[in-house]
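Working notes, structure below.
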Amino acid sequence: MADPARIKSEGAPERTSSANEEHPKSEETENVSASEKPADEKELASQDQPKQEVKPETAAVEDEEEGPSGQPSSKRLKVEPEKKKEKRHKVDEDEIQKMQVLVSSFSEEQLNRYEMYRRSAFPKAAIKRLIQSITGSSVSQNVVIAMSGIAKVFAGEIVEEALDVCEKWGDTPPLQPKHMREAVRRLKSRDQIPNTKYKNIVFH
Amino acid sequence: MADEEDEPGFDEELDDGTSGVDVGHGRRKRLFSKELRCMMYGFGDDQNPYTESVDILEDLVIEFITEMTHKAMSIGRQGRVQVEDIVFLIRKDPRKFARVKDLLTMNEELKRARKAFDEANYGS
Chain A
105 MADPARIKSE GAPERTSSAN EEHPKSEETE NVSASEKPAD EKELASQDQP
155 KQEVKPETAA VEDEEEGPSG QPSSKRLKVE PEKKKEKRHK VDEDEIQKMQ
205 VLVSSFSEEQ LNRYEMYRRS AFPKAAIKRL IQSITGSSVS QNVVIAMSGI
255 AKVFAGEIVE EALDVCEKWG DTPPLQPKHM REAVRRLKSR DQIPNTKYKN
305 IVFH
Chain B
20 MADEEDEPGF DEELDDGTSG VDVGHGRRKR LFSKELRCMM YGFGDDQNPY
70 TESVDILEDL VIEFITEMTH KAMSIGRQGR VQVEDIVFLI RKDPRKFARV
120 KDLLTMNEEL KRARKAFDEA NYGS
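These protein sequences, in sequence, are chains A and B. According to the numbering used here, the first sequence is numbered sequentially starting from 105. According to the numbering used here, the second sequence is numbered sequentially starting from 20.
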């Protein structure tokens with residue numbers, strides 16, 4: 105895999121647009137603004153940008169689906185994906201360029217950290233084994249891909265929250281278990297941690 | 020160490036006999052130690068995170084995967100885990116939803132690219 109610092113902007117937009125033109129469900133793939141596709145297939149750029157992009161994009165998608173009444177949805181969908189593809193194309197290029205500028209100005213330590221962020225992943229075999237031991241039947245490859253991706257985002261959410269806690273308490277990294285536990289407690293109160301083991305809370 | 024894990028059942032499973040076979044966390048060999056260390060560094064922790072923190076995170080991740088799997092088994096086609104179920108469960112969380120969509124799309128692209136490459140090699 106290529107060095108994340110050397111991100112090619114030329115290859116990505118063309119690939120994105122051509123691939124998405126073939127791909128019928130263009131609306132859902134609005135959020136495919138992954139700018140570092142050539143470099144690191146499975147890793148996405150910093151979490152801030154996809155979050156910022158998801159909000160305007162999902163708003164646009166919702167507008168499109170509800171839309172003004174009267175026009176048949178099939179006609180509407182044919183016209184708007186073109187405009188949206190162009191808009192997404194520009195947004196993609198913008199984001200890619202911004203990422204390039206950003207990464208090129210990283211210090212050595214920041215580059216290391218960014219590389220670890222992009223390249224670290226859960227081993228597919230272990231995840232597959234884990235899921236299969238729970239279901240008892242085999243699972244498809246896509247399930248493993250999806251699950252390991254979500255697990256990584258989940259781990260990231262916890263670490264980020266724990267770093268917040270650490271900073272708030274006036275401590276320094278490395279993170280200690282008490283930070284992790286407080287982070288979990290906070291995320292639980294925000295319902296970001298699934299819990300299907302019902303706990304009978306008497307005094308709330 | 021007196022782990023005050025929020026997850027109930029943690030201590031119970033430790034006290035039960037058959038520790039090697041059951042699905043409880045804590046007893047099994049550490050599955051993701053190396054990868055989680057790199058991940059924690061990538062997400063902002065120190066270059067050498069504490070082992071206890073890595074352990075806690077591993078338990079959390081395994082529990083998360085377990086919960087998701089159980090939920091996915093109970094919706095859609097019962098007893099099986101399919102991608103659609105996972106996407107459905109994740110729909111409310113924008114980050115994870117976007118990530119899954121990206122990953123699956125990229126996977127499709129890669130498969131298509133590989134197929135095209137193979138056909139170019141062996142086709143007419």
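For glycine and all other residues, C-beta sits at the position ideal for the given N, C-alpha and C.
Chain A contact residues for B/GLU71, given Cβ-Cβ distances below 8 Å: What B/GLU71 touches in chain A: GLN280 and PRO281.
Supposed close pair A/ILE249, B/VAL100 - CB separation, criterion 8 Å: Between B/VAL100 and A/ILE249 the Cβ distance is about 13 Å, and since that is not below 8 Å, they are no contact.
The alpha helix (DSSP H) enclosing B/THR124, as first and last residue numbers: Following the DSSP letters along the chain, one finds B/THR124 inside the alpha helix (DSSP H) bounded by residues 113-141.
Close beta carbons around B/GLU127, own chain, < 7 Å, minus the five adjacent residues each side: Excluding positions up to five away in sequence, the list is empty.
Contact list for A/ILE238 against chain B, beta-carbon separation under 9 Å: In chain order: VAL42, ILE84, THR85, THR88, HIS89, MET92 and VAL100.
Cα-Cα separation, B/GLY63 to A/VAL263: Cα to Cα, B/GLY63 sits roughly 7 Å from A/VAL263.
Cut-off 8 Å between Cβ atoms - residues of its own chain near A/LEU291, not counting five sequence neighbours on either side: Short of 8 Å from the beta carbon of A/LEU291, and not among the five residues preceding or following it, lie these beta carbons of its own chain, in chain order: GLU261, ILE262, GLU265 and ILE297.
Interface residues of chain A facing B/GLY61 [CB-CB closer than 7 Å]: Here the neighbours are ARG217, MET220, TYR221 and SER224.
Proximity test, Cβ basis, 8 Å: B/LYS115 and chain A: Cβ-Cβ to chain A under 8 Å: yes for B/LYS115.
Buried versus exposed call for B/PHE136 [16 or more other C-beta atoms within 10 Å across all chains shown]: With fewer than 16 neighbouring CB atoms inside 10 Å of its own CB, B/PHE136 falls in the exposed class.
Assigned secondary structure, A/TYR221 (DSSP; H/G/I helix, E/B strand, else coil): In the three-state reduction of the DSSP assignment, A/TYR221 falls in the helix class.
Beta-carbon separation (whole angstroms), A/VAL247 vs B/ILE81, contact threshold 8 Å: A Cβ-Cβ separation of about 16 Å leaves A/VAL247 out of contact with B/ILE81 under the 8 Å criterion.
Contact with chain A by B/PHE51, beta-carbon distance below 8 Å: With 8 Å as the cut-off, B/PHE51 counts as an interface residue toward chain A.
Contact the stretch 56-74 of chain B vs the stretch 209-227 of chain A: 3+ CB pairs below 8 Å: These segments touch.
Segment limits, alpha helix (DSSP H) that includes A/LEU267: 245-272 is the extent of the alpha helix (DSSP H) around A/LEU267.
Rounded C-alpha distance that separates A/LYS256 from A/LYS187: Going by the C-alpha atoms only, they are around 33 Å apart.
CB of A/THR300 within 8 Å of CB of B/GLU86, strictly: With respect to B/GLU86, A/THR300 sits close: the two C-beta atoms are nearer than 8 Å.
Anticipated Cβ contact below 8 Å, A/ALA259 with B/MET58, distance rounded: 6 Å between Cβ atoms; contact.
Cβ-based neighbour list, B/GLU138, same chain, cut-off 8 Å, excluding 5 preceding and 5 following: In its own chain, leaving out the 5 sequence neighbours on each side, no residue places its CB closer than 8 Å to the CB of B/GLU138.
Proximity test, Cβ basis, 8 Å: A/ASN304 and chain B: Answer no: the Cβ-Cβ gap between A/ASN304 and chain B never drops below 8 Å.
Under 9 Å (Cβ pairs) to chain B, residues found in the stretch 255-266 of chain A: Answer set for the stretch 255-266 of chain A: ALA255, LYS256, VAL257, PHE258, ALA259, GLY260, GLU261, ILE262, VAL263, GLU264 and ALA266.
Residue-level contact to chain A via CB, B/ARG118, 8 Å cutoff: For B/ARG118, the nearest CB of chain A lies under 8 Å from its own CB, placing it at the interface with that chain.
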